[in-house]
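Asker: Dropping a structure here in structure tokens format, bear with me for questions.
See below:
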């Protein structure tokens with residue numbers, strides 16, 4: 456369904472999808488999002504590895520929620536700025 460709609464509306468443009476999970480061929484059509492992550496230093500540290508590994512898998516577009524999605528008491532100005 457997702458594929459057919461954009462092909463009808465914009466036949467000369469490659470469809471684009473925001474995904475939370477990976478699949479074979481994702482690097483050609485999509486952007487990968489890390490999902491709902493905590494606002495902690497540990498989560499930020501983990502996202503660095505996830506981003507590097509995702510790019511090494513051939514996915515050129517990857518991102519995370521700046522500052523994390525699940526706000527915790529650990530979210531400080533310093534953590535947000537470093538994100």
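In the working numbering, the protein residues as written are 456 to 538.
Glycine included, C-beta positions come from ideal geometry on N, C-alpha and C.
On the premise that residue 506 lies in contact with residue 517, defined as a C-beta separation below 8 Å, what is that separation, rounded to the nearest angstrom?
Answerer: Along the chain shown, one-based indexing puts residue 517 at 62. Along the chain shown, one-based indexing puts residue 506 at 51. So it is a contact: roughly 6 Å between Cβ atoms.
Asker: Is it the case that the Cβ atoms of residue 534 and residue 481 are separated by a distance below 8 Å?
Answerer: Here the question's residue 534 lines up with position 79 in the chain shown. Here the question's residue 481 lines up with position 26 in the chain shown. No. Outside cutoff.
Asker: Does the distance from the C-beta atom of residue 407 to that of residue 523 stay below 8 Å?
Answerer: With the chain covering only 456 through 538, there is no way to say anything about residue 407.
Asker: Note down the Cα distance separating residue 526 from residue 504, rounded to an integer number of angstroms.
Answerer: Taking the first residue of the chain shown as 1, we reach residue 526 at position 71. Taking the first residue of the chain shown as 1, we reach residue 504 at position 49. Rounded to the nearest angstrom, the two C-alpha atoms are 21 Å apart.
Asker: Which residues does DSSP pair with residue 485 in a beta bridge?
Answerer: Within the chain shown, residue 485 is the residue found at index 30, counting from 1. According to DSSP, which records beta bridges pairwise, residue 485 is partnered with 472.
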